[in-house]
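Below: the structure, in structure tokens.
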Amino acid sequence: MATRHQTGEQGDAGGVPPADGVDVRNVVLVGPTSAGKTTLVEALLVASGTIHRAGRVEDGTTVCDHDESEVRQQRSVGLALAPLLYDQTKINLLDTPGYADFVGDLRAGLRAADCALFVVSTAEPIDGTTRLLWAECEAVRMPRAVVLTKLDHPRSDYAGTLAAIRDGFGDKVLPLYLPSGTDSLVGLLSERVFSYGGGSRSERDPSGDEAALLEEARGELIEGIIEESEDESLMDRYLGGEHIELKVLVDDLERAVARGSFHPVIPVCAASGLGTHELLEVIAGGFPSPAEHPLPEVTTLDGTPRDGITADPAGPLLAEVVKTTSDPYVGRVSLVRVFSGTLRPDATVHVSGHFLADRGHEEHDEDERVGTLSCPLGKTQRPVAEAHAGDIVAIAKLSRAETGDTLSGKDDPLLMRPWSMPEPLLPFAIVPSAKADEDKLAQGLSRLVAEDPTLRVENNGETHQLVLWTMGEAHADLVLDRLKNRHGVHVDTVALRVPLRETLSGKANGRGRHVKQSGGHGQYAVCEIEVEPLPEGAGFEFVDKVVGGAVPRQFIPSVEKGVRAQMERGTVAGYPMVDIKVTLYDGKAHSVDSSDMAFQTAGGLALREAASAAGVSLLEPVDEISVMIPDDYVGAVMGDLAGRRGRVLGTDTVGSGRTVVRAHVPQMEIVRYAIDLRAMSHGTGTFTRRFARYEPMPQNIAAKMTADSSA
């Protein structure tokens, strides 16, 4: 790995498909927000000659170059692609956000890539967020190297950071290079020193101090590689004093990295370029190619497994939309990973997907014509003649496909199950600011949902509110900002209403009398009912005990219909009434003026009177939540749940110093729990929720809710 690419052929990767002599590496950058991922992307683009550093000096003149700032602007939020060419290898760098609210973009990047750079700052501690991001990579068995950044920071602690990541991520995290001073790297396998002093890269033999540093670390690295070797005799030969050829070590290292069982560490200083060429060598020479990375599950449209598809440009077309953006001027742009076959402009493809109907996404099964293919870099879209298996490109104006959808041949439609989408758990209700916004809101939300699988739009039929479910405050702010600035829709947030229920507190009788006379035919209906509560979940029971024809047979269903309609409207606080039994036992009718509508009205009036006499209790929805947190926060979380009127059901240890706390908590107490848990656990806690049942609400809270509803 360290010796195959000692020199890098620099060049512009824009528009370079994987063709003859050009290989591909799809690399996702993962790490917390403070790690310096975007700065690292820029440094690699500079090192490969793809862009030029702002303010560079040429012939004594400072040249202002805006390439870097444009690239940074493009990657401000969400998944972003930056391609470069290094030593006849096209490297697609996928920059992902490190904030927990945007884990959906991270998972999209992991799906589109074949390997990862896990970026860690040597100036920051290894926190819970970093561990959660590592776990995301582990969950999909992503091959990865660790990049230690910010070596020039005043608080940089390379040795301490390396020890911390080895302690947290395992002993198979080992350095491939060591920093020597501020401008040199010691290659542990090549036993050479690479210096970046004076703005250029040079190579030399190690000095005395560097040789001593190299000897101990090199031995540990070689032992770590040999432990991962498929040649079981290699360790005995090494311990017996036999010299192991460098090529054997490099080959075993590459196989271990591809398996995801070994993670080399490369220190990088983006400002000086230290380590950037070494990192590009590792990516180009040591990371797995698309052909070496297993494909996701593929089926036909009827669910039949489709085996035998590989990363073959001549194979059947199989591609996936990993990100969608829309702009009022440019239109929709889809970032697409081609897994098999060759994608060409103007071709007709089949769009299939995408298992997310519960979040407002339409199920797709239709043909669509592909527009222009391009390779984005900063604000520039560079045309691409075709995209072969393994490559990532942007498609303009693919109007029907959304994030997570599959693109395949129209004569051989296929379907890829999308990556695991995180569940949005922070709801907020919105209303249009003006009539003009009301007209544009549906279209704006439709476009946002097409872009973002982690956003769920709910039209709540009970509370009559439009609710957006998001991943957290930052995600919610981004959604509102895009509605306003990208789609021109102004909305206001309003208090979220929780769907409550009413039920009876006891047994009572009620009389409904609806008598009106206005010349001609009037309205006449009288009914008498008895009501009583039923057990939770029993629903509604209507019993007819009328004798002697007091209520004519044809009007008894009308009474029941009126009672049911009143139950939907509620009787006290305006919430639906549930779990009651209504017995109709008497009434009166008129031979001319009685009618279906009259007895419906009388039935509703009777229920209201009976409910007033019996008393009404409010029921609130209760969720069962499972909170996963580090053991250190178990006490704080359980205390907080108790303060939310929650009942802890139990705890389960899940290993790696983490515990799951299960509890029943009223929904109105966990509206903002996604925010509160993150603050309480310093970003390390996660939770899931599901509806459990309705329970009686405490009297003091119920009284306030009733007063608010009647205000």
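Start counting the sequence shown at 106; every next residue gets the next number (my numbering). Even for Gly, the Cβ is constructed at its ideal location relative to N, Cα and C.
Might you give, ordered along the chain, the residues of its own chain that have their beta carbon closer than 7 angstroms to the beta carbon of residue i, omitting 5 neighbours on each side?
i, result
"residue 204", "138 and 579"
"residue 246", "365"
"residue 773", "603 and 725"
"residue 552", "431 and 592"
"residue 562", "465, 550, 554 and 573"
"residue 452", "475"
"residue 291", "282, 283, 285, 298, 311, 315, 318 and 319"
Measure the C-alpha to C-alpha separation of residue i and residue j and round it to an integer number of angstroms.
i, j, result
"residue 696", "residue 686", "29 angstroms"
"residue 233", "residue 600", "32 angstroms"
"residue 689", "residue 722", "22 angstroms"
"residue 741", "residue 195", "49 angstroms"
"residue 345", "residue 336", "15 angstroms"
"residue 304", "residue 150", "16 angstroms"
"residue 129", "residue 489", "15 angstroms"
"residue 684", "residue 549", "40 angstroms"
"residue 352", "residue 294", "10 angstroms"
"residue 334", "residue 546", "58 angstroms"
"residue 708", "residue 662", "10 angstroms"
"residue 589", "residue 782", "29 angstroms"
"residue 564", "residue 571", "5 angstroms"
"residue 492", "residue 480", "10 angstroms"
"residue 213", "residue 248", "16 angstroms"
"residue 496", "residue 256", "33 angstroms"
"residue 472", "residue 448", "14 angstroms"
"residue 752", "residue 767", "9 angstroms"
"residue 296", "residue 322", "11 angstroms"
Sorted by chain position, which residues of the same chain lie with C-beta nearer than 6 angstroms to residue i's C-beta, five sequence neighbours on each side aside?
i, result
"residue 604", "567 and 568"
"residue 521", "401, 403, 425 and 511"
"residue 729", "769, 795 and 797"
"residue 680", "605, 606 and 607"
"residue 301", "288, 377, 378 and 379"
"residue 309", "298"
"residue 621", "627 and 628"
"residue 597", "536 and 538"
"residue 367", "277, 333 and 361"
"residue 635", "614 and 688"
"residue 704", "630, 660, 663 and 664"
"residue 524", "212 and 216"
Is it true that the CB of residue j sits closer than 7 angstroms to the CB of residue i?
i, j, result
"residue 306", "residue 398", "no"
"residue 134", "residue 206", "no"
"residue 282", "residue 371", "yes"
"residue 500", "residue 439", "yes"
"residue 615", "residue 714", "yes"
"residue 558", "residue 494", "no"
"residue 617", "residue 711", "yes"
"residue 429", "residue 347", "no"
"residue 800", "residue 727", "yes"
"residue 734", "residue 790", "yes"
"residue 375", "residue 155", "no"
Count the other CB atoms within 10 Å of the CB of residue i; is the residue buried (16 or more) or exposed (fewer)?
i, result
"residue 189", "buried"
"residue 671", "buried"
"residue 879", "In the structure as shown, the chain begins at 106 and stops at 816. Residue 879 is therefore absent and cannot be evaluated."
"residue 88", "The requested residue 88 is not part of the displayed model; the chain covers only 106 to 816."
"residue 763", "buried"
"residue 717", "exposed"
"residue 395", "buried"
"residue 313", "exposed"
"residue 583", "buried"
"residue 286", "exposed"
"residue 272", "exposed"
"residue 744", "exposed"
"residue 674", "exposed"
Enumerate in chain order the residues of its own chain whose CB-to-CB distance from residue i is below 8 angstroms, with the five nearest sequence positions on each side excluded.
i, result
"residue 657", "694 and 699"
"residue 779", "530, 531, 576, 577 and 792"
"residue 469", "456, 457, 458, 459, 505, 506, 507 and 510"
"residue 421", "414, 445, 446, 513, 514, 517 and 519"
"residue 631", "616, 617, 618, 619, 620, 692, 693, 694 and 707"
"residue 777", "531"
"residue 533", "572, 573, 575, 581, 598 and 601"
Within 7 angstroms (strictly less), CB to CB, does residue i reach chain D?
i, result
"residue 606", "Any reference to chain D falls outside this structure, which holds one protein chain only."
Evaluate the contact criterion for the region 644–659 versus the region 740–748: three or more CB pairs, one atom per stretch, below 8 angstroms.
-> Result no; under three Cβ-Cβ pairs closer than 8 angstroms.
If you pair each beta-carbon of the region 220–240 with each one of the region 249–266, do three or more pairs fall below 8 angstroms?
-> Yes, the region 220–240 is in contact with the region 249–266.
Is the region 212–221 close to the region 331–341, with three or more CB pairs under 8 angstroms?
-> By the C-beta criterion, the region 212–221 is judged not to be in contact with the region 331–341, since fewer than 3 inter-stretch pairs fall below 8 angstroms.
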